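Letter by letter, the sequence shown follows residues -24 to -1, 1 to 255 of mature numbering (1 follows the signal peptide of the UniProt record, and there is no 0). For each residue, glycine too, the CB sits at the ideal point set by N, CA and C. Here the structure is a predicted model, which is why all the values come from computation and not from measurement. Note sheet for the following structure.
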Amino acid sequence: MAARCLRLCLAILLPLLCAPAATADEVYRIGAEDDWYPFTALREGKVQGMSADLVRAAFAASNTRVELVPYPYSRCMELTRTGHLAACFNTSPDADIASEFRLPQEPLFSDDILLWARHDNARPVTDLQQLAGRKVAVTIGYEYGTPFDSLADVERVEVRRDLNGFRMLAHQRVAYTAAYRGIAAALFAEHPELAGQFVPVATLHRPQLFVSFSRYHPQAELLLSRFDSGMRALHRDGRYQQIIERWHLPDATPSGDASTLKPILTTTRAQRPWPTPPN
């Protein structure tokens, strides 16, 4: 009888003991890109930006304490992929990202990825094949949408920061640079010497940006669930929109140019261009 009771107790307790521990006082480390302002960047010793505010608010809404730890994007994603971090943001997922990471249901935000040229040498790009043999500055580790990322004949020049891509373009070391609209706007505001030098000649992609969660970190699945729950709460009570509006970004596209940019690829939440493997 005693042996049967012991086996019953073990059957009940073992799943609880093996489950990821979570307490109200535990602080979870989430990787944050360190140089992508105004979305996420290390400024004045603190991770700041629109998506950083969204991530903090989402976890706070689900009563989860997190610490945002700044890393270069490629390093952040590698630490998350290998399970040293529970998650990293901001990610524009493709099929490879979806297979290597857990992705939540709730995105952070969307923005246009634009192809920029020098103002004095700008011609509309209506077909990606026009980029064959041309040098395009891209940031290490970034995704720019499947059509561009899979283009074989373009010469990609990798840079550490978006700012470096624009500087290379200014000095005619590349023909184009790829950068998000919001990032370009912030760079032009912070570096007035760049303002007016560049115009967008194509929209490469309008991705949704996500937090990518590890497939190997012991608490990643729990944190993904809490993040989704918190984001839904932010949408329900209006705090999501308040954060977006607080970070209202100036339009990086010169007046009159936005309507001429034909999107090469757009993504909606209901039609993601990658398969969704089980988390």
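Exercise for review: May I ask which residues mark the beginning and end of the alpha helix (DSSP H) holding Ala108?
Suggested key: First-last for Ala108: undefined, no H or E at that position.
Point to revise | 7 Å Cβ shell around Gln173 - same chain, five flanking residues per side excluded | key: Arg94, His95 and Ala146
**Study point:** Ala196 beta carbon near the ligand SAH (any heavy atom closer than 8 Å)
**Key:** Of ligands this structure carries none, so the ligand SAH is not represented either.
Review point. Among residues of its own chain, excluding the 5 on either side of Glu134, which ones have a beta-carbon nearer than 7 Å to its beta-carbon?
Key: Val114 and Ile116
Check your understanding: How many Å lie between Ala160 and Glu2 at the Cα?
Key -> Near 37 Å, if we compare the C-alpha coordinates of Glu2 and Ala160.
Review point. What three-state label does DSSP hand Ser38 in the structure shown?
Key: coil
Exercise for review: Would you list the one or two residues that DSSP bridges to Pro46?
Suggested key: Ala8
Check your understanding: Around the C-beta of Asp103, are 16 or more other C-beta atoms found within 10 angstroms, so that it is buried, or is it exposed?
Key -> exposed
Practice item. Can you give me the Cβ contacts of Asp11 inside the same chain, cut-off strictly under 6 Å, excluding the 5 residues immediately before and after it? Key: Ala17 and Arg137
Review point. Under the rule that 16 or more other beta-carbon atoms within 10 Å means buried, what is Gly25, buried or exposed?
Key: Classification for Gly25: buried.
Review point. Whose C-alpha, out of Val23, Val150 and His181, is nearest the C-alpha of Asp70?
Key: His181
Exercise for review: Check whether the Cβ atoms of Phe65 and Leu185 sit closer than 9 Å, and answer yes or no.
Suggested key: yes
Check your understanding: What span of residues does the beta strand (DSSP E) with Thr122 cover, start to end?
Key -> No beta strand (DSSP E) contains Thr122, which is instead part of the alpha helix (DSSP H) from Thr122 to Asp125.
Practice item. Quick one: measure Cβ to Cβ for Ala63 and Val187, integer angstroms, because I've assumed they're closer than 8 Å. Key: 5 Å
Check your understanding: By DSSP, does Glu20 sit in helix, in strand, or in coil?
Key -> coil
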